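Engineer: Protein chains in written order, with the working numbering: chain A, 32 to 216; chain B, 12 to 131; chain C, 5 to 707.
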Amino acid sequence: MTEQIQNMQPQKQDNDEDSQQYLTFIMANEEYGVEILSVQEIRGWESTTVIPNAPSHVKGVINLRGTIVPIIDLRQRFGIEVLDYGTTTVVIVVKVAIASEHKVIGIVVDAVSDVFSVNNDDVRDVPNFGEDTDLSFIKGLTNAGEKMVILLDINRLLGSEVLPEAEQLSQLMHNLDADKQVVNG
Amino acid sequence: MKQILAVDDSASMRQMVCFTLKTAGFDVTEACNGDEALKAAQQSEYDLVISDVNMPIMDGLTLIRNLLTLPNYKFTPLLMLTTESGTEKKQEGRSAGATGWIVKPFNPDQLLATVRKVLG
Amino acid sequence: MEIDLSQFSQVFFEESLEGLDAMESELLNLDVNNPDEETINTIFRAAHSIKGGSATFGFSQVANYTHLLETLLDEIRDGRRQMTNEHQDMLLLSVDLLRNMFDALMRKIDFDDPLLAQLEKQFTIEIAKGTKGAAPEESDSSNDTLVEQEATGLLHWAIDFQAGIDILRCGNDPYLMFNELRQLGELSVNLAKHSSPEFNDIDPEACYLNWQLELVTDQPLERLKEVFEWVEDECIINYSSSPVMNGNANPDSGPSNIESTEVAIPQEQQGSETVQNDVGGKRLDEAKTSNQEPKPKAASKAKLPETGSIRVSIDKIDLLINMVGELVITQAMLGQIGQQDEINEESFESLKQGLEQLATHTRDLQESVMQIRMLPISFAFNRFPRLVRDIGQQLGKKVNLVLKGEDTELDKTVMEKIVDPMVHLVRNSLDHGLETPEERLAKGKSEVGTITLNAFHQGGSIIIEIIDDGAGLDTDKILSKAREKGIVGQDEELSTEAIHKLIFKPGFSTVDAVSDLSGRGVGMDVVRQNINELNGSIELKSTQDKGSRFTIRLPLTLAILDGQLVRVGRHIYVVPLVSIHESLQVEPNKINRLSDGHELIQLRNEYLPVIKVYQEFCHTADAKEIKDGLVMVVDSNNEKIGLLVDELLSQQQVVIKSLEDNYSQVPGVSGATILGDGTVALIIDVTGLVSLAGITNMKEHAA
C-alpha cells in the first residue's frame with residue numbers, strides 16, 4: 032500500500048492552466064467531478080423515448096430545444112444499483128468530443144453537489160489496479176475539504192469503447208473506495 | 012479615398028481585384044458586366060474603372076465607349092483586363108478610348124503597380 | 005503586398021464548373037455547320053474565363069490546356085476557322101477532362117490522365133493546321149533574343165515625346181508617365197517645340213504639347229517603352245541612347261556599354277514602326293509567366309471546402325428578410341401584452357391574434373427556409389442532352405430529347421441523389437427502349453425517337469417522368485424469362501401491370517441474359533432501391549411498340565416526411581407514408597407459421613412475411629399475435645411485407661432529425677422527429693427492419 036500511496040503523488044502535467052473548475056455530483060454516496068467547461072446545462076429528469084435494442088444504460092432520447100439528445104444512466108453504466116428516478120434526479124447535459132465529433136449527451140446522476148476549482152497540482156493519479164483495467168476515463172483524484180472527489184474524463188467516459196464492463200467497473204469503484212480510506216487515513 | 016469600379020463576369024477575378032485594391036486602401040465597387048457597371052458609374056463618380064473585356068450582356072469595350080459619353084468620365088482612366096490572345100482587343104480598346112490595360116494573368120502587385128500608374 | 009491567392013480558389017472552382025456546364029450545353033445546342041455567333045461567344049467566354057482565372061491563381065495545367073481551347077475558339081469566333089464536328093467532339097471531351105482536372109485540384113491530387121496529353125496534341129495539331137490564310141503565330145525570335153541580350157549598364161537616354169492630341173481624353177496623363185520614368189533614374193523634362201492652333205481653335209481637352217526627356221538609367225529599353233505602352237500608337241516617341249561618359253559608370257562596363265548601344269540603336273529604329281515585334285516580345289514574356297509552375301505556397305495553402313455551398317437568389321433572401329421583419333413586429337406586439345399587469349378581455353383578444361400571426365409567420369418562415377435549398381431541376385436535366393447525344397451516337401440511334409418543366413424546384417440533396425437513377429433510366433430507354441432507325445421505319449414510326457424528361461409538382465411531391473416512344477416492354481419475353489428463373493410459377497398468370505413490375509425484382513434484373521431482351525435490362529432493382537431510400541417511389545407504364553413511361557415520385561425535401569404515426573405498446577413510431585400500401589386486420593385462418601418461427605399472412609393471392617415490430621425492438625406490446633393487432637403492408641425493396649403494430653394514430657408531416665448527430669445509427673430506425681407535444685418519435689426504416697428481422701430472401705419464405 033505504501034508504494035501505491037507513493038505512486039499517487041503528483042507526477043506530471045502542468046498543462047495549460049494551473050487550475051480548472053469542476054462540477055461535482057453525487058452518485059451512490061460517491062462524489063464525482065466533470066470539467067465545468069464541458070457542461071451545457073443541468074435539467075430535471077424527464078421521460079425519454081426509448082431507443083430499440085440500445086444498451087440498458089442508454090435510457091433513450093429527449094428533445095432538447097429541437098435537438099435529439101441521448102440520455103445515459105451513469106449508475107447503470109458504472110454497474111451500481113439502479114434507483115427509481117425521482118424529483119431530485121438530475122440530468123447533466125455535457126458536450127463531449129468522441130472520435131473528433133462533438134456530441135451532446137445527457138447523463139443521469141443522483142444529485143448535483145458543488146462547483147469548485149481544483150489546482151492541477153492537487154490532482155493525484157489513479158492507483159494502479161492491474162494492467163488489464165483501463166481507468167483512463169478517470170482523470171484523477173482530488174480532495175475537496177473532507178471529501179474525496181473522482182474527477183472524470185468525460186470524453187473517455189462517454190466514448191464507450193474504453194470503458195470496462197459494468198461489473199468490472201463496480202468492482203473498481205469499490206477498490207477505489209477502499210483505497211480512498213487509506214489516503215484519507 | 013479613391014473610388015474604383017471593378018467589372019468582371021468572373022466572381023473569382025472580381026474578388027481578387029477587389030481584395031487587392033481594398034487591402035491597398037482603395038474604395039472598390041463591383042459589377043458583373045458592362046451594363047451593371049454603366050448603371051453604377053451613372054450613380055456615383057469613380058476615379059478609375061477596371062473592366063474585363065469579354066463579358067455577357069455588355070462587353071468591356073461597349074462599356075468604355077458608353078462611359079466616354081458621360082461628361083464625368085471624359086478624363087477618367089479606364090483600364091481593360093485582357094489576355095495575351097486579345098492583341099486585336101488591345102487595339103480595339105485603344106480606339107474605343109481605354110486608357111490602358113492589364114494583361115492576364117497578373118498578380119496583385121502588378122495590378123497595384125498599374126493602378127498607381129494611372130492614379131498617381 | 006502579400007496576398008494569398010488561394011483564398012479565391014474555391015470561388016474560381018465553382019464558377020469554372022458552372023462555366024463548363026454552360027460550355028457543354030451550348031456545345032450541344034450548336035448547329036456545327038451554321039454556328040450561332042452568340043453561342044460560339046458563350047463557349048469562348050467560358051474557356052477564356054477559365055484560362056484567365058487559372059493563370060492568375062496559379063493552376064498552370066488548366067491554364068495551358070484552356071489556352072489551346074481558347075486559341076481555337078478565338079479563331080472560330082473571328083471567322084478565321086470553320087467549326088467542324090471534330091472540333092465539337094474535342095471540345096466536349098475537353099469539358100469532361102477539365103471537370104476531372106478541377107476535381108483533382110479540389111482534392112489536391114495530381115492529375116495525370118493520359119487523355120490530357122492526347123487532347124493537347126490533337127489541339128496543337130489542329131491549331132497548327134492553320135487558319136484561312138493566316139500567318140503562323142510565332143514570329144521571328146531573333147528580336148526576342150535581342151531583348152534578352154539587352155545590356156543593363158547605365159545609359160543616357162534622350163526621348164523625344166510628341167504626345168498624341170487625344171491622350172488626355174483617354175485618361176492618360178503625361179505627368180504620371182514622367183513620374184513613372186523618374187522612378188527608373190534621373191530624369192529631366194523639357195517642353196519641346198510644339199505647334200498649337202490659333203487661340204480660337206484651341207480645344208481645351210486636347211493635348212498639343214511635345215516634350216524632350218532625358219533619362220539616365222540602367223533599365224533596358226523595354227522597360228522605358230512599357231511606360232508609354234498604352235500611348236505608343238497615337239504618340240510619336242523616339243528613343244536614342246549613349247553611354248554615360250563621365251563619372252559613376254564602372255570602367256569595366258565601358259566596352260560592353262558601347263556594344264549594347266550598337267545593339268540598341270537598330271532596335272530603336274524599329275521602335276516606331278514595329279508594333280508587330282513589340283507584340284511578339286510581349287507574347288513571349290507572357291508565355292513565360294503562364295508556363296511557370298504555380299507558386300508552391302498558393303498550392304499548398306489551398307483549403308478544401310468541407311461543406312458544399314449553395315447559390316440563393318436574392319428574391320428568396322428578400323422574402324426571408326421580409327418574414328423575419330413580420331416576425332419581429334409580432335414579437336413586439338406580444339411583448340407589449342406581456343408587459344401589462346393583467347390580462348383583460350381586450351388584451352386577451354390581441355394575445356390570441358398575436359399567437360395566430362406567430363403561427364402563420366413561423367409556418368411561412370419554415371417554408372421559405374426550405375425554399376433556400378430548392379434548385380430548379382434544370383441542374384439535373386442539363387447533363388442529359390450530352391448523355392443522349394453520346395449514347396445515341398454510339399448505338400446508331402436517332403434521338404430527340406425533350407425537356408419539360410425545367411424550372412420545377414426540388415431540394416438540392418434530393419437532386420444530387422436522383423441524378424444517378426435518372427441517368428440509369430435514360431440509358432435504358434436509349435439502349436433497350438428506342439429502336440434503331442430501320443426498325444422504327446419498319447414499324448411506321450418516325451426514324452427519330454423521342455425521349456422526354458418531364459418534371460412537375462403534385463401535392464408535396466415532385467414527379468419526374470422519363471418517357472420514350474420506343475418499343476415498350478415485351479411482356480411475353482419478360483414473363484417467360486421470369487418463369488425460367490423461377491420468379492413466377494409456371495402456371496401463375498400475371499396482369500400486364502404485374503409483369504411490368506417484375507423488372508424491378510432483384511432476382512430478375514441482375515441476370516445478365518436479360519439485357520438482350522427488347523425490354524429493360526440491368527440494375528432496375530438498384531434504381532428502385534435508390535429511389536426508395538429517398539422516400540420516393542417509381543412506377544412504370546408501358547405499351548408495346550408505343551413506348552414506356554417511368555414515373556418517379558419524390559418528396560420535395562429530405563428534411564420533411566409524410567408519416568403515419570403508429571403505436572407499439574407505449575411507444576410511438578413514424579412510418580413513411582410512401583412505403584405503406586394498406587393496413588388491415590388479419591383473420592386467424594390467413595396466418596401460417598413457418599418452421600423457423602416466421603409467420604406469413606395471406607393477402608388476396610399473395611403470401612407476405614410479417615415482422616412483429618415489438619419483437620424486433622424488444623418492446624412490450626398489446627398485440628403479441630398477428631390476429632390481435634393491425635398489420636401494415638409496407639414496401640421494402642419492392643417486396644411487400646407486413647408490420648405488426650398495435651394501433652394506427654394520425655398521419656402528419658414530420659421534420660426529420662438526425663439520431664446520429666449525438667448518438668449513433670440504430671438498426672431499423674432511420675431518424676427521429678419531434679411531435680406536437682414536444683416528445684421524440686423514432687422513424688422506422690422498413691428495409692433496416694427487414695434485415696433486423698433476419699428475413700433475407702422474402703421470396704423463399706413466401707414460396
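Every residue, glycine too, gets a C-beta built ideally from N, C-alpha and C.
Every value quoted in this text rests on a predicted model; they were computed, and no experiment measured them.
If you draw a straight line from the alpha carbon of I491(C) to that of Q655(C), how long is it in whole angstroms?
Structural biologist: As a position in the third sequence, residue 491(C) is number 487, starting the count at 1. As a position in the third sequence, residue 655(C) is number 651, starting the count at 1. If you take the alpha carbons of I491(C) and Q655(C), they lie about 35 Å apart.
Engineer: Three-state secondary structure (DSSP) at N38(C)?
Structural biologist: Within the third sequence, residue 38(C) is the residue found at index 34, counting from 1. In this structure, N38(C) counts as coil in the three-state DSSP scheme.
Engineer: Is the region 628-635 of chain C close to the region 588-603 of chain C, with three or more CB pairs under 8 Å?
Structural biologist: The region 628-635 of chain C, when compared against the region 588-603 of chain C, does touch it at the 8 Å Cβ threshold.
Engineer: For K178(A), tell me which candidate among Q51(A), Y53(A), S50(A), E62(A) has the shortest Cα-Cα distance.
Structural biologist: Against the first sequence, residue 178(A) aligns to sequence position 147. Checked all of Q51(A), Y53(A), S50(A), E62(A); the closest Cα to K178(A) is E62(A).
Engineer: Measure from the alpha carbon of I660(C) to the alpha carbon of each residue in I73(A), S69(A), N94(A), then state which is nearest.
Structural biologist: Sequence index remark: in the third sequence, residue 660(C) carries index 656 (1-based). Among I73(A), S69(A), N94(A), the Cα nearest to that of I660(C) belongs to N94(A).
Engineer: How big is the Cα-Cα spacing for T125(B) and H461(C)?
Structural biologist: Position 114 of the second sequence, counted from the first residue, corresponds to residue 125(B). Position 457 of the third sequence, counted from the first residue, corresponds to residue 461(C). Approximately 54 Å between the Cα atoms of the pair.
Engineer: Since I687(C) sits in a beta bridge, which residues does DSSP pair it with?
Structural biologist: Locating residue 687(C) in the third sequence gives position 683, counting from the first residue. Paired residue(s): V578(C), G675(C).
Engineer: Between the beta-carbon of V638(C) and the beta-carbon of V690(C), is there less than 8 Å?
Structural biologist: As a first step, residue 638(C) is located in the third sequence; it is residue number 634 there, counting from the start. As a first step, residue 690(C) is located in the third sequence; it is residue number 686 there, counting from the start. Contact flag set, yes.
Engineer: Go to N183(C), then tell me how far its alpha helix (DSSP H) extends in each direction, as first and last residue.
Structural biologist: Here residue 183(C) is taken as the residue at index 179 of the third sequence, counted from 1. Segment 178-186, the alpha helix (DSSP H) holding N183(C).
Engineer: Quick one: does V15(C) have its CB under 8 Å from some CB of chain B?
Structural biologist: Indexing the third sequence from 1 puts residue 15(C) at position 11. Yes - at least one Cβ of chain B is within 8 Å of the one on V15(C).
Engineer: Relative to chain C, which residues along the region 113-143 of chain A have a C-beta separation below 7 Å, given in chain order?
Structural biologist: Cβ contacts with chain C: K134, V135, I136.
Engineer: Restricting to runs no shorter than 4 residues, where is the alpha helix (DSSP H) found entirely within the region 301-362 of chain C?
Structural biologist: The region 301-362 of chain C contains these whole alpha helix (DSSP H) runs: 318-343.
Engineer: Measure the C-alpha to C-alpha separation of I576(C) and A685(C) and round it to an integer number of angstroms.
Structural biologist: Working through the third sequence from its first residue, we reach residue 576(C) at position 572. Working through the third sequence from its first residue, we reach residue 685(C) at position 681. Cα-Cα distance, rounded: 6 Å.
Engineer: Rounded to a whole number of angstroms, what is the C-alpha to C-alpha distance between Y116(A) and S78(A)?
Structural biologist: Here residue 116(A) refers to the residue found at position 85 when the first sequence is read from its first residue. Here residue 78(A) refers to the residue found at position 47 when the first sequence is read from its first residue. The straight-line gap from Cα to Cα measures roughly 10 Å.
Engineer: Please state if the CB of L72(B) and the CB of A17(B) are separated by a distance shorter than 8 Å.
Structural biologist: What you label residue 17(B) is simply residue 6 of the second sequence in a count that begins at 1. What you label residue 72(B) is simply residue 61 of the second sequence in a count that begins at 1. No, the pair does not count as a contact, with Cβ atoms beyond the cut-off.
Engineer: Write down the C-beta distance between I535(C) and I556(C) rounded to the nearest angstrom, noting that I regard them as a contact closer than 8 Å.
Structural biologist: Position 531 of the third sequence, counted from the start, is the residue given in the question as residue 535(C). Position 552 of the third sequence, counted from the start, is the residue given in the question as residue 556(C). Sure, about 6 Å apart at Cβ, within 8 Å.
Engineer: Tell me, please, whether the CB atom of T547(C) is closer than 8 Å to any CB atom in chain A?
Structural biologist: One-based indexing of the third sequence puts residue 547(C) at position 543. Chain A contact via Cβ: absent.
Engineer: Quick one: measure Cβ to Cβ for L123(C) and L101(C), integer angstroms, because I've assumed they're closer than 8 Å.
Structural biologist: Here residue 123(C) corresponds to residue number 119 of the third sequence, with the count starting at 1. Here residue 101(C) corresponds to residue number 97 of the third sequence, with the count starting at 1. Going by Cβ atoms, the distance from L123(C) to L101(C) rounds to 6 Å, so yes, they are a contact pair.
Engineer: Can you tell which of L612(C), L109(C), G540(C), D35(C) has the C-alpha that lies nearest to the C-alpha of I467(C)?
Structural biologist: Working through the third sequence from its first residue, we reach residue 467(C) at position 463. The option with the nearest alpha carbon to I467(C) is G540(C).
Engineer: Would you tell me roughly how many angstroms separate the C-alpha atoms of V635(C) and L663(C), rounded to the nearest one?
Structural biologist: Taking the third sequence and counting its residues from 1, the one referred to as residue 635(C) is at position 631. Taking the third sequence and counting its residues from 1, the one referred to as residue 663(C) is at position 659. Approximately 27 Å, taken between the alpha carbons.
Engineer: Evaluate the contact criterion for the region 24-40 of chain C versus the region 91-99 of chain C: three or more CB pairs, one atom per stretch, below 8 Å.
Structural biologist: Counting Cβ pairs under 8 Å, three or more are found: they touch.
Engineer: For M12(B) and chain C, any beta-carbon pair shorter than 8 Å?
Structural biologist: Translated into the one-based positions of the second sequence, residue 12(B) becomes position 1. Not an interface residue.
Engineer: Rounded C-beta distance between G567(C) and L544(C)? I'm assuming under 8 Å.
Structural biologist: In the third sequence, counting from the first residue as 1, residue 567(C) sits at position 563. In the third sequence, counting from the first residue as 1, residue 544(C) sits at position 540. G567(C) to L544(C), Cβ: 26 Å. No contact.
Engineer: Thinking just about the alpha-carbon of each residue, which of L679(C), A625(C), S499(C) is nearest to the one in L569(C)?
Structural biologist: Residue 569(C) sits at position 565 when you count from the first residue of the third sequence. The candidate whose alpha carbon is nearest that of L569(C) is L679(C).
Engineer: Residues of chain B with CB closer than 8 Å to the CB of L634(C), please, in chain order.
Structural biologist: Within the third sequence, the letter at position 630 stands for residue 634(C). In chain order: nothing, as chain B lies at least about 57 Å away.
Engineer: Return the CA-CA distance between V140(A) and R377(C), expressed in angstroms with no decimal places.
Structural biologist: For the purposes of this step, residue 140(A) is identified with residue 109 of the first sequence, where counting begins at 1. For the purposes of this step, residue 377(C) is identified with residue 373 of the third sequence, where counting begins at 1. Distance between the alpha carbons of V140(A) and R377(C): 41 Å.
Engineer: Can you list the beta strand (DSSP E) stretches of 3 or more residues lying completely in the region 183-248 of chain C, in chain order?
Structural biologist: Listed in chain order, they are 190-195, 214-221, 240-247.
Engineer: Measuring CB to CB, does P116(B) end up less than 8 Å from T60(C)?
Structural biologist: As a position in the second sequence, residue 116(B) is number 105, starting the count at 1. As a position in the third sequence, residue 60(C) is number 56, starting the count at 1. Yes. Within cutoff.
Engineer: Assuming F385(C) and L407(C) make a contact with CB atoms under 8 Å, what is their CB distance in whole Å?
Structural biologist: By one-based count along the third sequence, residue 385(C) stands at place 381. By one-based count along the third sequence, residue 407(C) stands at place 403. That pair is a contact at about 5 Å.
Engineer: What are the residues in the region 677-693 of chain C lying within 7 Å of chain A by C-beta distance?
Structural biologist: Cβ contacts with chain A: I678, G682, T683, V684, A685, L686.
Engineer: Is any beta-carbon of chain B found at less than 8 Å from that of K55(C)?
Structural biologist: If you number the third sequence from 1, residue 55(C) lands on position 51. It does; some Cβ of chain B falls within 8 Å.
Engineer: Mind pulling the chain C residues with CB within less than 9 Å of N186(A)?
Structural biologist: Numbered from its first residue, the first sequence carries residue 186(A) at position 155. Those within 9 Å of N186(A) in chain C number zero; the least Cβ separation is about 14 Å.
Engineer: Any beta carbon from chain C within less than 8 Å of I99(A)'s own beta carbon?
Structural biologist: Sequence index remark: in the first sequence, residue 99(A) carries index 68 (1-based). Taking Cβ atoms only, chain C reaches closer than 8 Å to I99(A), which makes this a yes.
Engineer: Is any non-hydrogen atom of the ligand MG found closer than 7 Å to the C-beta of V235(C), if you look at the structure I gave you?
Structural biologist: This structure simply doesn't include the ligand MG, nor any ligand for that matter.
Engineer: For Y69(C), name the three-state secondary structure that DSSP assigns.
Structural biologist: As a position in the third sequence, residue 69(C) is number 65, starting the count at 1. Correct three-state label for Y69(C): helix.
Engineer: Determine the DSSP secondary structure at Y63(A), reduced to helix, strand or coil.
Structural biologist: Here residue 63(A) is taken as the residue at index 32 of the first sequence, counted from 1. In the structure shown, Y63(A) sits in a strand (DSSP, three-state: E or B).
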